[in-house]
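A quick write-up on the structure given underneath.
Numbering (my numbering), first residue to last: 42 to 408.
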């Protein structure tokens, strides 16, 4: 195996995207994604069984397209990496079974990796789709944080080593930010997925028209730098969702037209305000000088804008991958897999099982 510049194939199937990516070392060769999102629209959210069946249908065509796009064959691949968790159990099972079958058929080593840590791995990619010119991918900074915001996760991490030392500083204790967007979009009649819909409508609204709550921001939760509260770096969006629902009910009870744009803008401001402020606080108090913003909600224009402003004011460098690498994809899985190979980490073998609640502190599964 070429450990200096390994050719790694990555497989992602944790939710509704079937992703296959191929990297050589830190150079991205191809990132092929097949999404089943359109099949979930009429339900207003991802239906696990539908997602699993879509993965089954899409995997082989996506794999063939990725290999053709990279101009390589399975025989040339040095290792295979697959998302083993967290995610939807059935969806994970499809990807893991496919990866195990490929590993057995080809004799290639298999790495079972963490979906969340993989989002950080894209920060190491260069190449035609990696956001930098080939050969310019940086090493991860010593003091690196990662703010991951998606439909299933909202977390701030400290990355001591991307291959074996990831620390969870804070997370949501109920709804993830993306989940809150979907629920509020449903309340406002904006459809699914809620993130892009609210982001678009909010641009014509007044974010100061309504003051929605910022969860876990009271002193009893925050504490102080010397004596941190239990939820100093954590988030809660369930109460915010309820506040929006009550606001809409009040307009309806009065027989007034619902100011959708204003409510969307005020809701979005509440979300990005508390996410960015707590993330920057965690970075400052843990000596983090660089932070990577990842996950599907990283595509939100206001989140990128406000987080960028607050990071700049705090002397923190914000890194945002290209939008196609923020959402779930196989390239990020391959990128983390390549890092594990180059670090000499032993492969996972084929005896592991997918873990829908795999903790972020577990970068990969041991043999």
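For each residue, glycine too, the CB sits at the ideal point set by N, CA and C.
Review point. Is residue 58 helix, strand or coil when you go by DSSP?
Key: strand
Exercise for review: Grab the span of the beta strand (DSSP E) containing residue 154 for me, first residue to last.
Suggested key: 151–155
Check your understanding: How would you write the range of the beta strand (DSSP E) that residue 196 sits in, first residue to last?
Key -> 195–202
Check your understanding: Going by beta carbon distance, what residues of the same chain come within less than 6 angstroms of residue 319, once the five residues before and after it are set aside?
Key -> 274
Review point. In whole angstroms, what is the alpha-carbon distance linking residue 200 and residue 335?
Key: 14 angstroms
**Study point:** residue 228 - DSSP class collapsed to helix/strand/coil
**Key:** helix
Review point. So the beta strand (DSSP E) residue 415 belongs to, where does it begin and stop?
Key: Here the chain has residues from 42 to 408 only, and residue 415 is not among them.
Review point. Between the Cα of residue 330 and the Cα atoms of 45, 84 and 188, which residue gives the shortest distance?
Key: 188
Practice item. Under 8 angstroms Cβ to Cβ from residue 316, same chain only, skipping five residues before and after it: list those, please. Key: 188, 190, 195, 218, 276, 344 and 348
**Study point:** As assigned by DSSP and simplified to three states, the class of residue 365
**Key:** helix
Point to revise | Cβ-based neighbour list, residue 337, same chain, cut-off 8 angstroms, excluding 5 preceding and 5 following | key: 190, 191, 192, 219, 236, 367, 368 and 369
Exercise for review: Go ahead and pull the three-state DSSP assignment for residue 269.
Suggested key: strand
**Study point:** Secondary structure of residue 75, DSSP reduced to three states
**Key:** strand
Review point. Hey, how far is the Cα of residue 292 from the Cα of residue 234?
Key: 24 angstroms
Check your understanding: How many whole angstroms separate the CB atoms of residue 154 and residue 378, which I take to be in contact at a CB cut-off of 8 angstroms?
Key -> 6 angstroms
Check your understanding: Can the beta-carbon of residue 311 be found less than 7 angstroms from the beta-carbon of residue 281?
Key -> yes
Check your understanding: Any idea what DSSP makes of residue 108, helix, strand or coil?
Key -> helix
Check your understanding: Counting along the chain, where does the beta strand (DSSP E) carrying residue 358 start and finish?
Key -> 358–360
Review point. For residue 386, which residues of its own chain have a beta-carbon under 7 angstroms away from its beta-carbon, when the five flanking residues on both sides are left out?
Key: 204 and 405
Exercise for review: Go ahead and label residue 255 buried or exposed: buried means 16 or more other beta carbons lie within 10 angstroms of its beta carbon, across all protein chains shown.
Suggested key: buried
Check your understanding: From what residue to what residue does the alpha helix (DSSP H) around residue 314 run?
Key -> 301–326
**Study point:** C-alpha gap between residue 295 and residue 301, whole angstroms
**Key:** 15 angstroms
Point to revise | Paired residues, beta bridge with residue 121 - DSSP | key: 50 and 151
Exercise for review: Indicate the three-state DSSP secondary structure (helix, strand or coil) for residue 283 in the structure shown.
Suggested key: helix
Check your understanding: Looking at the structure shown, is residue 343 part of a helix, part of a strand, or coil, going by DSSP?
Key -> helix
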